[in-house]
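Participant: Under the numbering used here, residue 823 is the last one in the sequence shown; the count climbs by one each step, no gaps. Next up is a structure, given as structure tokens.
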Amino acid sequence: MKKSNERMACMDSNKAYRIVSCGKKSTRRDYSKVSGKLELPNLVEIQTDSFKWFTRQGIQEVFEEIYPIENYGKNIKLNFIRYHFDEPKYNAEQSMYRECNYAAPLYAEMELEITDPETGELVTKNEEVYLGDFPLMTETGTFIINGAERVIVSQIVRSPGAYFSESYDDKTGKQNFECELIPSRGTWLEFMTEQKKTMAGRTINVSIDRRRKVLFSILFKAIGMSLNLEVNEDTLDTTEMETFLHTIGRNWEDVAQDPENREYMNLYLLLYTAFFGKYEEIENSLLNDKVKTTQEALLSFYENQRSDEIPTLDGSISLMQAKFFDHRRYDLTKAGRYKLGKKLNAIARMDGMTLAHDIIDVDGNVYMEKGLMIHRDERNALREELAKGTYCTAYPFRAEFHEADIVSIPTSFNTGLVGRILAKDIEVNGVLYEQGTVLTQKDVDVLKENKEEVAIYAGLFAKPVVLTKENCNAVFNYGQRLYVLGRLTNAKGQDIVDEDMELVAQRYMIGVTPDKISDEDRLAVSQRALNEEVTAWLVGACIQEVYVTDKAGNEIKIAGNDPFANKHTITMSDMYAFFSYSLNVMEGVGTTDDIDMLGNRRIRSVGELIQNQFRIGLSRMERVVKERMSIQELDSLTPRKLTNIRPLTAAIKEFFSSSQLSQFMDQQNPLAELTNKRRISALGPGGITRDRASYEVRDVHSSHYGRICPIETPEGPNIGLISNLTTYAKINKYGFIQTPYRIVNKDGTVQEEAVYLSADEEADYETSNLEL
């Protein structure tokens, strides 16, 4: 009898299914090969969650981008305060019966500020402005437009970020490298290597907004890595430049010499080699570059972008500002900043490399030793440590092109805050630390004891330079041309003042290039440096630098962007890190990108699509408001009279009624409805056209596994361009598709709980399909 029971148990264990309970009374056979319970997610949350985000945050973001609206004379300003929805006139069922829109009135509270140009008197008027009826989403993830249910299909597009690729020239067979920095909205920035003439060698060019290519050095000279002519300056002598570069810790070797001995050329060869390293492509580019000064570089940039207009210096600065640094015209979005931070940081390129120096943590302890090989675990640990802001330095920049990016950083980051610039006033123990103050180690020690967080400007860093008799002239000469002198301190960390007790070096101000210190103050500081320690803090673009060695033993510099960066526009720190990555790729450091991988493609769901249309409508409304400000009399102006809602309502109506992504809901059966709501399309505004879509775009990719159904796609011209999410796929906050994975323990057992990974996160691990 005992043997019979054992035999029955053995037979049960060999069954292809197991019995699972469903509720209190029923049971079912479960034939799945993986154990554990993973509940089916809410299949329409891709629609409902996205629209909730839009109504709670998306609308607020657009209002903050557009407002305040000022007239051209700067004496009238319309401020946005808050918005709210009223109750809809009809519910969803009534709207379908009456063949009208299921919508709710949108109201915004506005404040109008009018300054009398003669008396300077300020008058404010507050009003609630009606902005039209806004379509609402039903609980099932649909919209009711003119009584018919509509679904907004999610769009899959190329994610904003930095991408690197390599190709081979058809004629010469030589390898060329291309890299693109793509925003969600704004100017494309591309670097590429090219060889036009065999004797000239390979150069590095830049293309801005797909315009004619120019040498990369013109762009960097325009944003600050350039020299302007000083009175009675010897533009051929490099002695003082060598002293300056040595003082700020920049090394160089075997720098090429200009055979024609042109003005500035040897200075530029020395400067660019010291910051970027010795590359034949950089030397060839500089030798072919005829631009000498910052002004010439800015004018060349203007001519490249607007060849039919006469360039001016002010117009060139405004154009550069608008192309890259104006948040109204350039937008990386939250997803783009995430991708840039992940791709361009220093850690991303260290995989498989060996540390060329010890890594010291924020408290001064050795965190990782020199010679350690960096793999996944070391890289993840190092990412957490370097995220605290250590190993940062300053690169040359122009202060006009830096927009405020205020972030709050814990004071426990200690040395990671040294050299950072305060974004807000802080009072500690009766001592006021002013906005614009460069933080020294003594300042950080005081703040650490009294404050948990401080607000600083991300993207900026001040390099400390100790002044001596030998380097004073070099630091004041080139330091104030390539950087901004942010602070002068003595050995006690106190500011150096003049005879009138005024600061010799003024506090840093965003977007303002301060005047150079006077000859009298310069001489006084130089004399003081003979008797005591004087430190000059040179403010520039923040770059995180680490050094690694490859398998051949060559030391390679990795320059990453600022780990604190949070701004949705490109920064000069991003530009330098982007260019550094392109140089590293030429040396085999870093990776090229597969654009068809889902880690580089993201979903624009209904909330983001409506937000873009709302932005278009509000931008059109902004122009009408500015026109009315200049036409109507000041006394009669009110927020309601200034606001014309027609451009906004027309843009929203156009999207819901005629957009390629707005479709009548498939009502054949409940499954068809559900499929329609989880459909994703590569077509539509901002996407691709079916005529230009290549085979690679349409094809199934390995990263689709568990995320996009490889079978369900229409036949004909739309094949591969219209697809559907898998049952368990989710969309994360950046718009990337995630799929569940079970973690396998070291003993081979599989954990019950599932973790959701996007395609780029999945690349860090060894994965297998369910059948193994």
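Note that CB positions come from ideal geometry on N, CA and C, so glycine has one too. Bear in mind that the values here come from a model prediction, so they are computed numbers and not experimental data.
Could you tell me whether the Cβ atoms of Tyr598 and Arg400 are closer together than 8 Å?
Facilitator: Counting from one through the sequence shown, the residue named residue 598 turns up at place 547. Counting from one through the sequence shown, the residue named residue 400 turns up at place 349. In this structure, Arg400 does not lie closer than 8 Å to Tyr598 by Cβ.
Participant: Going by the beta-carbon positions, is the gap between Arg449 and Gln356 smaller than 8 Å?
Facilitator: As a first step, residue 449 is located in the sequence shown; it is residue number 398 there, counting from the start. As a first step, residue 356 is located in the sequence shown; it is residue number 305 there, counting from the start. Contact: no.
Participant: Just mark Met188 as buried or exposed, buried being the case when its beta carbon has 16 or more other beta carbons within 10 Å.
Facilitator: Here residue 188 refers to the residue found at position 137 of the sequence shown. Classification of Met188: buried, given that the 10 Å Cβ count is 16 or more.
Participant: Quick check: the Cα distance between Ile274 and Glu571, rounded to an integer number of angstroms?
Facilitator: Along the sequence shown, one-based indexing puts residue 274 at 223. Along the sequence shown, one-based indexing puts residue 571 at 520. When rounded, the distance between both Cα atoms is 30 Å.
Participant: Where does Cys61 land, buried or exposed, given buried means 16+ other C-beta within 10 angstroms?
Facilitator: Counted from its first residue, the sequence shown places residue 61 at position 10. Its pLDDT being 43, under 50, Cys61 is placed unreliably by the model, and nothing is read from it.
Participant: Starting from Ile233, trace the beta strand (DSSP E) both ways and give me its first and last residue.
Facilitator: Working through the sequence shown from its first residue, we reach residue 233 at position 182. DSSP places Ile233 in the uninterrupted beta strand (DSSP E) bounded by Gln226 to Ile233.
Participant: For Ile269, report the span of its alpha helix (DSSP H) as first-last.
Facilitator: The sequence position of residue 269 within the sequence shown is 218, counting from 1. Residues Phe267 to Ala273.
Participant: Beta carbon of Met513, beta carbon of Ala556: below 8 Å?
Facilitator: By one-based count along the sequence shown, residue 513 stands at place 462. By one-based count along the sequence shown, residue 556 stands at place 505. The residue asked about is misnamed: residue 513 is Ala in this sequence, not Met. Not a contact, by the Cβ cut-off of 8 Å.
Participant: Taking Phe228 as the reference, give the member of Glu673, Ile739, Thr254 and Val204 with the closest Cα.
Facilitator: Against the sequence shown, residue 228 aligns to sequence position 177. For Phe228, the nearest C-alpha among the options comes from Thr254.
Participant: Candidates Phe352, Ser358, Lys374 and Phe375: which alpha carbon is nearest Leu364's?
Facilitator: Your numbering for residue 364 matches position 313 in the sequence shown. With distances taken between Cα atoms, Leu364 lies closest to Phe352.
Participant: Express the C-alpha separation of Ile472 and Glu500 in angstroms, rounding to a whole number.
Facilitator: Locating residue 500 in the sequence shown gives position 449, where the first residue counts as 1. Locating residue 472 in the sequence shown gives position 421, where the first residue counts as 1. The straight-line gap from Cα to Cα measures roughly 19 Å.
Participant: Measuring CB to CB, does Gly198 end up less than 8 Å from Ser146?
Facilitator: The residue you call residue 198 lines up with position 147 of the sequence shown. The residue you call residue 146 lines up with position 95 of the sequence shown. Cβ distance < 8 Å, so Gly198 and Ser146 count as in contact.
Participant: So Ser624 and Asn605 are supposed to be a Cβ contact under 8 Å. How far apart are they, rounded?
Facilitator: Here residue 624 corresponds to residue number 573 of the sequence shown, with the count starting at 1. Here residue 605 corresponds to residue number 554 of the sequence shown, with the count starting at 1. So it is not a contact: roughly 26 Å between Cβ atoms.
Participant: Flag this pair as yes or no: are the beta carbons of Tyr508 and Ile457 separated by less than 8 Å?
Facilitator: Along the sequence shown, one-based indexing puts residue 508 at 457. Along the sequence shown, one-based indexing puts residue 457 at 406. Contact flag set, yes.
Participant: Does DSSP put His426 in a helix, a strand or coil?
Facilitator: Along the sequence shown, one-based indexing puts residue 426 at 375. DSSP places His426 in coil when its eight states are reduced to three.
Participant: Which first and last residues belong to the alpha helix (DSSP H) in which Val636 is found?
Facilitator: Stepping through the sequence shown from its first residue, residue 636 is reached at position 585. Unbroken alpha helix (DSSP H) run through Val636: Met623 to Met637.
Participant: What are the start and end residues of the alpha helix (DSSP H) that includes Tyr330?
Facilitator: On the sequence shown, position 279 is the one that residue 330 refers to. Neither: Tyr330 is in no alpha helix (DSSP H) and is coded neither H nor E.
Participant: Thr344 and Asn279 - do their beta-carbons sit closer together than 8 Å?
Facilitator: Position 228 of the sequence shown, counted from the first residue, corresponds to residue 279. Position 293 of the sequence shown, counted from the first residue, corresponds to residue 344. In this structure, Thr344 lies closer than 8 Å to Asn279 by Cβ.
Participant: With three or more C-beta pairs closer than 8 Å as the rule, is the stretch 206–213 touching the stretch 153–173?
Facilitator: no
Participant: Where does Cys443 land, buried or exposed, given buried means 16+ other C-beta within 10 angstroms?
Facilitator: Your numbering for residue 443 matches position 392 in the sequence shown. So Cys443 counts as buried.
Participant: Quick check: the Cα distance between Phe295 and Ala603, rounded to an integer number of angstroms?
Facilitator: Taking the first residue of the sequence shown as 1, we reach residue 295 at position 244. Taking the first residue of the sequence shown as 1, we reach residue 603 at position 552. Going from the Cα of Phe295 to the Cα of Ala603 covers about 32 Å.
Participant: Thinking C-beta only, is Ile731 closer than 8 Å to Ile646?
Facilitator: Position 595 of the sequence shown, counting from 1, holds the residue named residue 646. Position 680 of the sequence shown, counting from 1, holds the residue named residue 731. No, they are not a contact pair.
Participant: Hey, would you say Phe326 sits closer than 8 Å to Ile621, going by beta carbons?
Facilitator: Position 275 of the sequence shown, counting from 1, holds the residue named residue 326. Position 570 of the sequence shown, counting from 1, holds the residue named residue 621. No, the Cβ-Cβ distance between Phe326 and Ile621 is not below 8 Å.
Participant: Using DSSP with H/G/I as helix, E/B as strand and the rest coil, what is Met62?
Facilitator: Here residue 62 refers to the residue found at position 11 of the sequence shown. Note that Met62 scores a pLDDT of 40, beneath 50, so its modelled location is shaky; the value from the coordinates is reported in the next line. Looking at Met62 - three-state DSSP - the assignment turns out to be helix.
Participant: For Gly109, which residues in the same chain have their Cβ closer than 6 Å to its Cβ, ignoring the five residues on either side in sequence?
Facilitator: To locate residue 109, count along the sequence shown from 1; it is residue 58. Gly658 and Gln662, listed in sequence order.
Participant: Once the 5 residues before and after Lys493 are set aside, which same chain residues still bring their CB inside 8 Å of it?
Facilitator: Against the sequence shown, residue 493 aligns to sequence position 442. Excluding sequence neighbours, Lys493 sits near Lys543 and Gly544.
Participant: With a cut-off of 8 Å, do at least 3 Cβ pairs link the stretch 383–392 to the stretch 581–601?
Facilitator: no
Participant: What residue range is occupied by the uninterrupted beta strand (DSSP E) comprising Gly540?
Facilitator: Your numbering for residue 540 matches position 489 in the sequence shown. Checking the sequence shown, residue 540 turns out to be Thr, not Gly. Residues Val535 to Thr540.
Participant: Between which two residues does the alpha helix (DSSP H) carrying Met276 extend?
Facilitator: Within the sequence shown, residue 276 is the residue found at index 225, counting from 1. In the DSSP annotation of this structure, Met276 is not part of any alpha helix (DSSP H), being labelled neither H nor E.
Participant: Please state the DSSP three-state secondary structure of Ala702.
Facilitator: The residue labelled residue 702 in the question sits at position 651 within the sequence shown. In this structure, Ala702 counts as helix in the three-state DSSP scheme.
Participant: Under 8 Å between the Cβ atoms of Gly668 and Leu699?
Facilitator: Residue numbering aside, residue 668 sits at position 617 when the sequence shown is read from its first letter. Residue numbering aside, residue 699 sits at position 648 when the sequence shown is read from its first letter. Yes, Cβ-Cβ distance for Gly668 and Leu699 is below 8 Å.
Participant: Could you tell me whether the Cβ atoms of Tyr785 and Pro92 are closer together than 8 Å?
Facilitator: For the purposes of this step, residue 785 is taken as the residue at position 734 of the sequence shown. For the purposes of this step, residue 92 is taken as the residue at position 41 of the sequence shown. No, the pair does not count as a contact, with Cβ atoms beyond the cut-off.
Participant: For Met243, report the span of its beta strand (DSSP E) as first-last.
Facilitator: In the sequence shown, the residue the question calls residue 243 occupies position 192. From DSSP, the beta strand (DSSP E) with Met243 extends over Leu240 to Glu245.
Participant: Distance, Cα to Cα, Arg729 vs Asp811?
Facilitator: Walking along the sequence shown from the start, residue 729 turns up at place 678. Walking along the sequence shown from the start, residue 811 turns up at place 760. Arg729 and Asp811: Cα-Cα distance of roughly 22 Å.
Participant: Cα-Cα, which of Glu245, Lys608 and Ala143 is closest to Ile195?
Facilitator: Your numbering for residue 195 matches position 144 in the sequence shown. Minimum Cα distance to Ile195 is reached at Ala143.
Participant: Compute the Euclidean distance between the alpha carbons of Ala155 and Thr643, then round it to the nearest angstrom.
Facilitator: What you label residue 155 is simply residue 104 of the sequence shown in a count that begins at 1. What you label residue 643 is simply residue 592 of the sequence shown in a count that begins at 1. Approximately 48 Å between the Cα atoms of the pair.
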